[in-house]
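**Student:** Sharing a structure with you now.
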Amino acid sequence: MIPGSCLCGKIKYEINDENYLAIVCHCSKCRLSTGSAFSTNLVVPVSSFHLLSAPEAVSRYEIDGTRTGSGFPAVTNFCPACGTTLWVDPQNPARAGVKVIKAGTVTDAAWLKEHAPQSEICKDEGLGWVGDFVGNKK
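The numbers in UniProt numbering rise by one with no breaks, and the one at position 110 of the sequence shown is 110.
Next up, the structure:
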């Protein structure tokens, strides 16, 4: 199990298997939604994601298709108490059946250290001072 939560701990989840793809996205939309230079994500099957908190505890914001890289809407799921974005539900038919978990919400630090990103996307939109992630190990 891969555990995760928001900053205040009000919203908790688990991913029940290691069937995921770890992706760093450099697109401008991910930068805006995370407040960071890039977004580190775990793309997981919906069937492996388990929300441990009450669904009504999660706030949602629908991003219209003009504000996503795919042109399709997406639903961002976040904690109303602390503001942590936990995952995104893509509305793109090509991405049906997956959740995009924000990797920084995984609470198992040892797991995060051992599982580096496998892929990078939208590098052409990336900031010049951000280096490559894939294949780089300390």
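Where is the CB? At the ideal position from N, CA and C, for every residue including glycine.
With which residues is CYS25 paired in a DSSP beta bridge?
**Tutor:** Paired residues: SER39 and ILE121.
**Student:** Tell me, please, which residues DSSP counts as bridged to THR85.
**Tutor:** THR85 pairs with PHE78.
**Student:** With DSSP as the reference, label GLU14 as helix, strand or coil.
**Tutor:** GLU14: strand per DSSP, three-state reduction.
**Student:** Classify LEU51 as helix, strand or coil using the three-state DSSP reduction.
**Tutor:** Of the three classes helix, strand and coil, the one that applies to LEU51 here is strand, per DSSP.
**Student:** Would you identify the three-state DSSP class for residue 142, choosing helix, strand or coil?
**Tutor:** The shown model of the chain, from 1 to 138, leaves out residue 142, and the question about it has no answer.
**Student:** How would you label LYS113, buried or exposed, when you count the other beta carbons within 10 angstroms and need 16 or more for buried?
**Tutor:** Label assigned to LYS113: exposed.
**Student:** Taking a contact to mean a Cβ-Cβ separation below 8 Å, would you say SER39 touches ILE15 in this structure?
**Tutor:** For SER39 and ILE15, no; Cβs fall outside 8 Å.
**Student:** CA-CA distance, PHE72 and CYS27?
**Tutor:** Cα to Cα, PHE72 sits roughly 15 Å from CYS27.
**Student:** Note the first and the last residue of the continuous alpha helix (DSSP H) segment covering GLU56.
**Tutor:** First-last for GLU56: undefined, no H or E at that position.
**Student:** Pull the bridge partners of VAL98 from the DSSP assignment, please.
**Tutor:** DSSP lists PRO45 as partners of VAL98.
**Student:** Can you tell me whether TYR61 is buried or exposed, with buried defined as 16 or more other CB within 10 angstroms of its CB?
**Tutor:** Exposed, since its Cβ has fewer than 16 Cβ neighbours within 10 Å.
**Student:** With which residues is GLY4 paired in a DSSP beta bridge?
**Tutor:** Answer by DSSP bridge pairing, in chain order: TYR13 and VAL106.
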